[in-house]
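As you go down the protein sequences, you meet chains A and B in turn.
Count the first sequence with my numbering and you get residues 1 to 312, in order.
Count the second sequence with my numbering and you get residues 1001 to 1312, in order.
Number of protein chains: 2
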Amino acid sequence: MAVTVVGSIAFDAVRTPFGERERMLGGSAVHFSLAASFFSDVRVVGPVGEDFGEPELAVLEARGVDTEDIERVAGGQTFFWRGHYDYDLNVAHTDETALNVFGEFQPKLSEPSRQADVVFLANIQPDLQREVREQCTGARLVALDSMNLWIQTARDSLVRTIAGVDCVLMNDAELRMLTERANLLQAARRVMEWGPRIVVAKQGEYGAALFSGDHFFALPAYPLETVLDPTGAGDSFAGGFLGYLAAHDLSEELEDDLLRRAMAYGTALASFNVEEFGTERVQRLTPDEVTERVAELQRFTTFVDAPVALRG
Amino acid sequence: MAVTVVGSIAFDAVRTPFGERERMLGGSAVHFSLAASFFSDVRVVGPVGEDFGEPELAVLEARGVDTEDIERVAGGQTFFWRGHYDYDLNVAHTDETALNVFGEFQPKLSEPSRQADVVFLANIQPDLQREVREQCTGARLVALDSMNLWIQTARDSLVRTIAGVDCVLMNDAELRMLTERANLLQAARRVMEWGPRIVVAKQGEYGAALFSGDHFFALPAYPLETVLDPTGAGDSFAGGFLGYLAAHDLSEELEDDLLRRAMAYGTALASFNVEEFGTERVQRLTPDEVTERVAELQRFTTFVDAPVALRG
């Protein structure tokens, strides 16, 4: 089974209290692809400029990601983001955004990309997300991410786009903003009323919560003593989550147990993402490391109740 | 086994987006006592004024809490706190604090209170906490809570007090502030270097994390669609957590499994606390409701891994 992702392919300049990089491979579609590649075939769709070269393509191809639908725009420059984090690594401060080739991006999916079982609409303008969604007629599971910018500037379009997908993966603060519900459970229910049957609230260092129908599941983040750069963690989470699902039978209604396991793999991939800058850690990640981290997560979250005489 | 708590006994005035109460029973020792009373004998130590009457005592006594060490100060007024919450219920805004009888409080524990197996030093001035700790020569487990005020105004005393206890239960933001470590795992390790062998980071609606030696465990909060008033949730958590431990054999080193279960009972009690104003919900809570909520928490947090062929 295959997963197609449409989103940004970027050069990032990032400074954190622990170091900085002036120009490194980034973008939501890149972080997602590398994470999902541990589980299933991945096809990445997005524009790049002439400055995007063989070394960057090689990072994706080394993980078996299909780059046929990466569109190289003649005379263009690749999307660029510059940001920094202070000691509260949960908050990204944007210093500069240059859309470049992304400003004129019109997604055109090849036939194999349209036929993927799972599609991830990473955080891009919601009209574009909807255009992609309409091209993917064969998809069994379509998920999207979004952000405060689109909630503030294109909310109606975003709600319409959400109505056409199966799964929404967003930061919990943005789910609250989108639905105007301070309570996360109410926010998730509101999104499900619009159409999706699965809502994942990403909570940064606190982990993630899963809502599907009346089911609820929550998982803390993997505890790390050293976090160098959180950029892309949410996309790596989505890549682990949806990549895992794409590797399994989606012909029947998604089982609760399968979704829970997918949450664990998403959590594991996100944790590796933040250990180093950009894609550095995930580039040399091994399957055994992923497996071991999921096993640790299980140990970190399991409790076994025992009878206790409570006093009335 | 018995638990002694030393802390505030108060009248609270609270306004949230969902209602308000002009004067209701509150205080850290009260919330703690009611929660702990589901598991073990509880003795509450703290001062009240002449305005503290039979109806308030009756709330504690209805749950079997021993109130012999509540000191009634002639001519005094009970500690008063007025606060409000906006839609972000994680942030309490203090509008008025009247220490009243609490300003001159010198804790004097009766012999039975000194001999309790478990002692909770609720959030009061750290010098007072240390005086209490020194009186409790028979305690097998002493825990404390604190807050930003004491970190800012009495940090040296607080660190000295922490060095003499077994367990620290604090909000995660305050653990970071106290230790000057942005990373929670580093913050917990720093506290353990000072002496305690257990650190619990309370994370509000995100749950709580447990650190003990090299062990780690985390549990999300119980998901609630309606939260009316978060006041006292942290103390109810502590009451459930330490009350549960006090009901078990502490003669050997605390087992990881036992601590994890205690986290689940703390989480359950905190969730009931916030469903209504002040102590209203916990006053009519039943043992079966507690048991059922812990079982639900287990369902909400369990995942079972299954073999998956990861791609190298």
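Note that CB positions come from ideal geometry on N, CA and C, so glycine has one too.
Separation of residue j from residue i, as counted between CA atoms
| i | j | result |
| --- | --- | --- |
| G1195 (chain B) | M1170 (chain B) | 15 Å |
| E1134 (chain B) | V1142 (chain B) | 11 Å |
| G1019 (chain B) | T291 (chain A) | 48 Å |
| G1027 (chain B) | A1002 (chain B) | 20 Å |
| A1295 (chain B) | V1065 (chain B) | 26 Å |
| N123 (chain A) | S146 (chain A) | 4 Å |
| E280 (chain A) | D229 (chain A) | 10 Å |
| G46 (chain A) | Y244 (chain A) | 22 Å |
| L1224 (chain B) | A1238 (chain B) | 19 Å |
| N1183 (chain B) | P112 (chain A) | 44 Å |
| Y1085 (chain B) | A1013 (chain B) | 11 Å |
| I1198 (chain B) | A221 (chain A) | 20 Å |
| L185 (chain A) | G1103 (chain B) | 41 Å |
| R1176 (chain B) | A209 (chain A) | 24 Å |
| R293 (chain A) | G1312 (chain B) | 16 Å |
| D1088 (chain B) | E205 (chain A) | 18 Å |
| E276 (chain A) | L1310 (chain B) | 22 Å |
| D1268 (chain B) | R114 (chain A) | Rather than Asp, the amino acid found at residue 1268 (chain B) in this sequence is Ala. If you take the alpha carbons of A1268 (chain B) and R114 (chain A), they lie about 46 Å apart. |
| V1304 (chain B) | D257 (chain A) | 7 Å |
| V159 (chain A) | D41 (chain A) | 29 Å |
| Q1125 (chain B) | D172 (chain A) | 35 Å |
| F217 (chain A) | D249 (chain A) | 21 Å |
| I1009 (chain B) | E1071 (chain B) | 10 Å |
| N1273 (chain B) | A1233 (chain B) | 6 Å |
| N100 (chain A) | G138 (chain A) | 31 Å |
Host alpha helix (DSSP H) of residue i (start-end)
| i | result |
| --- | --- |
| T97 (chain A) | Not the alpha helix (DSSP H): T97 (chain A) falls in the beta strand (DSSP E), residues 93–98. |
| N273 (chain A) | 256–275 |
| A1306 (chain B) | From DSSP, A1306 (chain B) is part of no alpha helix (DSSP H); its letter is neither H nor E. |
| G19 (chain A) | Not the alpha helix (DSSP H): G19 (chain A) falls in the beta strand (DSSP E), residues 19–26. |
| R1155 (chain B) | 1155–1163 |
| S1113 (chain B) | 1111–1114 |
Residue burial classification, residue i (beta-carbon count within 10 angstroms, cutoff 16)
| i | result |
| --- | --- |
| D95 (chain A) | exposed |
| A1306 (chain B) | exposed |
| T1301 (chain B) | buried |
| R23 (chain A) | exposed |
| L1285 (chain B) | buried |
| V91 (chain A) | exposed |
| K1202 (chain B) | buried |
| R1260 (chain B) | buried |
| P1055 (chain B) | exposed |
| Q1129 (chain B) | buried |
| R1299 (chain B) | exposed |
| G1075 (chain B) | exposed |
| L345 (chain A) | An answer regarding residue 345 (chain A) cannot be provided, because it is not within the stretch 1 to 312 covered by chain A. |
Candidates the options, of which the one nearest residue i by Cα
| i | options | result |
| --- | --- | --- |
| T1097 (chain B) | B:A1116, B:A1173, B:S1113, B:Q1077 | B:Q1077 |
| V119 (chain A) | A:L297, A:G7, A:D156 | A:G7 |
| R82 (chain A) | A:V282, A:V48, A:L25 | A:L25 |
| R80 (chain A) | A:V48, A:Y87, A:D117 | Reading off the sequence shown, one finds Phe at residue 80 (chain A), where the question assumed Arg. With distances taken between Cα atoms, F80 (chain A) lies closest to A:V48. |
| G213 (chain A) | A:A233, A:L219, A:A188, A:A10 | A:A188 |
| T1226 (chain B) | B:L1121, B:P1017, B:E1255 | B:P1017 |
| R155 (chain A) | A:A58, A:D127, A:L228 | A:D127 |
| A35 (chain A) | A:Q283, A:F52, A:L149 | A:Q283 |
| K108 (chain A) | A:A116, A:Y87, A:E131 | A:E131 |
| A29 (chain A) | A:M177, A:R43, A:L224 | A:R43 |
| A1247 (chain B) | B:D1257, B:E1255, B:S1110, B:D1117 | B:D1117 |
| G240 (chain A) | A:I9, A:S37, A:S110, A:L258 | A:S37 |
| L121 (chain A) | A:D235, A:D51, A:E68 | A:D235 |
| I1162 (chain B) | B:A1218, B:E1180, B:V1191 | B:V1191 |
| G1266 (chain B) | B:G1207, B:D1172, B:L1254, B:L1310 | B:G1207 |
| V1168 (chain B) | B:H1031, B:L1242, B:F1052 | B:L1242 |
| Q1106 (chain B) | B:L1219, B:V1073, B:L1297 | B:V1073 |
| T4 (chain A) | A:A58, A:T67, A:E61 | A:T67 |
| F52 (chain A) | A:D288, A:A264, A:F11 | A:F11 |
| C136 (chain A) | A:S33, A:G278, A:V165 | A:V165 |
| V200 (chain A) | A:Q152, A:R181, A:L144 | A:L144 |
Below-9 Å beta-carbon distance, residue i vs any chain E residue
| i | result |
| --- | --- |
| R43 (chain A) | Chain labels in this structure do not include chain E; the protein chains are A and B. |
Unbroken beta strand (DSSP E) run spanning residue i, endpoints
| i | result |
| --- | --- |
| T1004 (chain B) | 1002–1006 |
| L1121 (chain B) | 1118–1121 |
Note to self: Counting only Cβ-Cβ distances shorter than 9 Å, please list the residues of the segment 1265–1290 of chain B near chain A, keeping chain order.
What the structure shows: Among the residues of the segment 1265–1290 of chain B, those with a Cβ less than 9 Å away from any Cβ of chain A are Y1265, T1286, P1287, D1288, V1290, in the order of the chain.
Item checked: Residues of the segment 1063–1088 of chain B with Cβ closer than 9 Å to any Cβ of chain A, in chain order -> Listed by position, the residues of the segment 1063–1088 of chain B near chain A (Cβ gap below 9 Å) are R1063, G1064, D1086, Y1087, D1088.
Next item on the list: Please name the residues in the segment 224–244 of chain A whose beta-carbon is closer than 8 Å to at least one beta-carbon of chain B, in chain order.
Entry: Along the segment 224–244 of chain A, going in chain order, the ones with a CB nearer than 8 Å to a CB of chain B are L224, E225, T226, V227, Y244.
Next item on the list: Check distances from the C-beta atoms of the segment 1177–1193 of chain B to those of chain A and list, in chain order, the residues that come in under 7 Å.
Entry: So the close ones are A1182, N1183, L1185, Q1186.
Checklist line | Contact list for the segment 1253–1264 of chain B against chain A, Cβ threshold 8 Å | finding: For chain A, the residues of the segment 1253–1264 of chain B that bring a beta carbon within less than 8 Å of one of its beta carbons are D1257, R1260, R1261, M1263, A1264, in chain order.
Check: Between the segment 188–222 of chain A and chain B, which residues of the former have a C-beta closer than 8 Å to a C-beta of the latter?
Finding: Listed by position along the chain: R189, Q203, E205, Y206, G207, A209, F216, F217, A218, L219, P220.
Next item on the list: Return the residues of the segment 132–150 of chain A that lie within a Cβ-Cβ distance of less than 9 Å from chain B, sorted by chain order.
Entry: The residues in question: there are none.
Notebook entry, point to check: Relative to chain B, which residues along the segment 8–33 of chain A have a C-beta separation below 9 Å, given in chain order?
Noted result: Against chain B - using a Cβ distance shorter than 9 Å - the residues of the segment 8–33 of chain A are P17.
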